[in-house]
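To keep things clear, I will list the structure first and then write my remarks on it.
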Amino acid sequence: MPAEPQHISDEEFDKVVMQSPIPVVVDFWAPWCNPCKMIAPTLDKLANELEGKLLIAKINTDDHAQWMQKFGIQGIPTLLFVFNGKVVHRQVGALPERMLRDVVNQFLEVAAQQA
Numbered sequence: 120m121p122a123e124p125q126h127i128s129d130e131e132f133d134k135v136v137m138q139s140p141i142p143v144v145v146d147f148w149a150p151w152c153n154p155c156k157m158i159a160p161t162l163d164k165l166a167n168e169l170e171g172k173l174l175i176a177k178i179n180t181d182d183h184a185q186w187m188q189k190f191g192i193q194g195i196p197t198l199l200f201v202f203n204g205k206v207v208h209r210q211v212g213a214l215p216e217r218m219l220r221d222v223v224n225q226f227l228e229v230a231a232q233q234a
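Under this note's numbering, think of the first position of the sequence shown as 120, with each following residue one higher.
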C-alpha cells in the first residue's frame, strides 16, 4: 500500500510535526481551496516516493485553525517545511509539480546537512 500524506489535527501537531525524527512538510489546506487541490496530487506522490525520508502532514484549516494562527498563516495553501522542531522554510501558494519537487529536494538537502 503506498504511503499517503498524514491528516492531522491541532492536538496531534506537536507530536507528529514538531517532534518528528524526519523532515516534515505541513500542508495547510481547505476543501474549498482550488490551488490546494492543484498541489494535492504532487504531495501524494512525494509522500509515496519519499516514505521514510519525508513526512507530508496535512491540516484542514477549516477544522483545525490553532497552528495556522500560531504560525501567522493568512493564505492557503501554505507549506511549512519543518526539521528538528523548527520551521526552516515557508511556501505560500501553489507551485507547479517540478518547482514543488525542487523546493522539497532543496529542503531535504538542507536537512541532511543539519542532521
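Every residue, glycine too, gets a C-beta built ideally from N, C-alpha and C.
Should residue i go down as buried or exposed, given a rule of 16 or more other Cβ atoms within 10 Å for buried?
i      : result
Lys177 : buried
Met187 : buried
Val201 : buried
Val144 : buried
Asn224 : exposed
Ala166 : buried
With H, G and I counted as helix, E and B as strand and the rest as coil, what does DSSP make of residue i?
i      : result
Lys172 : coil
Ile158 : helix
Gln138 : coil
Please indicate yes or no: does the CB of residue i lie closer than 7 Å to some heavy atom of the ligand ZN?
i      : result
Val222 : As for the ligand ZN, it is missing from this structure, which has no ligand bound.
Taking residue i and residue j to be in contact with their CB atoms under 8 Å, please state how far apart those CB atoms are, rounded to whole angstroms.
i      : j      : result
Phe190 : Leu199 : 6 Å
Asp146 : Pro196 : 6 Å
Task: beta strand (DSSP E) runs contained entirely in the region 182-216, provided each spans 3 or more residues - done: 197-202, 205-211
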